[in-house]
Amino acid sequence: MSEAVNGDAGTYHGEYKVPGGKLLVADVTVRDGRLASVQLSGDFFLEPDDALEAIDRALEGASVDADANTLIATIRAALPPQTEMIGLSVPAIATVIRRALSRTSDWRDHQFGLIHRAPEPPLLHMALDEVLTREVAEGRRGPTLRVWEWDRAAIIIGVFQSLANEVDSDAAAAEGIEVVRRISGGGAMFVEPGNTITWSLIVPETLVQGLTFVESYAFLDDWVIQALGDMGIKAWYVPINDITSPGGKIAGAAQKRINGAVLHHVTMAYDIDADKLTRVLRIGREKLSDKGTASAGKRVDPLRRQTGLERETIIQRMIDSFAARFTLMPTSLTEGELERAHALANDKFSSEAWLRRVP
């Protein structure tokens, strides 16, 4: 952290929307590498009243190099007996302090571009994610929300997954399902046109600065939880990368960081052919058993059943929810971006070397 503030005296501001909770704000003054003053604020609930002052005082004198566990221990030791926190937590307080010291940006500091194009092949989607993430990293493009449309069924495996272990290639070929590998980690996805809702959120790393890797997933998915709530869907985040509901999993996310930009992409199940999924994906019993279910189909709770809404309506409501909270403007791919994506799709993502990098 001291590298972030360079040990200089000054006042720093950080904000953190607690997933499923309230907004937490920290204004801290640094002097000689330590916190000289701390002021926490927000729309949370905290009892007794003097708990907030106790937390502020306890953090004064803490090193700007203090890690999350040290800050958490300091805060807990200072809490009055029978302290009640609603909408925040001790780890969340440590997080907002770290974000303040890291000179983070806030959602409201950015104007997001919206890209929503006609259906495109899976290989091009893989390439567009990499190209646009590099564009954001280089500052040639602002933060971007890209909604995907699929022109065919596909299996997309994570960058570290074994092709043979995850996919029944013969069954996939028989079903006419294309298999591709993405640049992010995580598990395999089975997608079909009309049955899947997929998007990428590409942001500068300053937006998640001061968050752990796991925290960044919850932070970047919080607007999704709220958007689903706007549609009457009770949903919540399950670490590290799932969004679930009382009926089962709704969505899964994956991330990749490139040169100061974060690619966070999410696939949601609108409808699903569970029998086809189990034929083409090698989902072992052990993996299913730790999810508390007996079949792959039962692990997913499609939005069509939950909402009764058309897929296009759900997508538009998701976009509207994002636009209501942040600044979102329609934008287009440039000719150069599209050319680079086509070249990358042909040279990298369609190659056997890339697909079979983990055989």
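Each residue of the sequence shown is one higher than the one before, counting from 54 in my numbering. Backbone N, C-alpha and C fix where the C-beta goes; we use that ideal spot for every residue, glycine too. Since we're looking at a predicted model, the values are computed, not measured.
In DSSP terms, what residue i is bridged to
i    : result
A314 : P257, I311
F243 : I208
G95  : L77
W289 : T297
I128 : Per DSSP, none; premise fails for I128.
T64  : T82
I250 : M321
T380 : Q164
G229 : Paired residues: none, contrary to the question.
W203 : E173
V15  : With the chain covering only 54 through 412, there is no way to say anything about residue 15.
N189 : The sequence shown places Val at residue 189, not Asn. DSSP output for V189 lists no bridge partner at all.
Rounded separation between residue i and residue j - CA only
i    : j    : result
Y323 : R110 : 49 Å
L93  : T148 : 12 Å
I286 : A207 : 27 Å
V353 : I303 : 6 Å
N248 : E363 : 10 Å
E258 : L141 : 23 Å
F272 : N122 : 19 Å
R156 : Q262 : 8 Å
S385 : V200 : 12 Å
A377 : P412 : 44 Å
H318 : E100 : 38 Å
S342 : A241 : Residue placement at S342 is poorly supported in this model, since its pLDDT is 43, which falls under 50; the coordinates still yield a value, given next. Those two C-alpha atoms are separated by around 17 Å.
R193 : G166 : 12 Å
S298 : K75  : 21 Å
A327 : G211 : 20 Å
S253 : S116 : 37 Å
Q279 : T380 : 16 Å
Distance CB(residue i)-CB(residue j) smaller than 9 Å
i    : j    : result
I336 : I250 : no
D274 : P72  : yes
L169 : P196 : Here residue 169 turns out to be His, not Leu, going by the sequence shown. Taking 9 Å as the Cβ cut-off, H169 and P196 do not qualify as a contacting pair.
F243 : L334 : yes
L281 : I296 : yes
V184 : R393 : yes
M284 : R370 : yes
I150 : V91  : yes
E390 : L181 : yes
D80  : H66  : yes
A225 : V233 : no
L260 : D159 : yes
R410 : I311 : no
L88  : L112 : yes
E228 : D204 : no
I255 : Y270 : no
L198 : I372 : yes
A131 : A107 : yes
M321 : R235 : no
Local Cβ density within 10 Å of residue i, reported as buried at 16 or more and exposed below that
i    : result
D96  : exposed
V291 : exposed
M382 : exposed
P134 : exposed
N399 : exposed
I128 : buried
P246 : exposed
E268 : buried
A307 : buried
F402 : buried
E191 : exposed
T64  : exposed
Y69  : buried
Helix, strand or coil at residue i according to DSSP, with G and I counted as helix
i    : result
P175 : helix
P72  : coil
P144 : helix
R152 : helix
T360 : helix
L181 : helix
R393 : helix
V277 : helix
L88  : strand
A115 : coil
F402 : helix
P412 : coil
G195 : coil
M284 : coil
F165 : strand
E137 : strand
R234 : strand
L386 : coil
L330 : helix
E100 : strand
I367 : helix
I303 : strand
Residue i Cβ short of 8 Å to the ligand GTP heavy atom set
i   : result
Q92 : Absence of the ligand GTP is noted for the structure shown, with no ligands found whatsoever.
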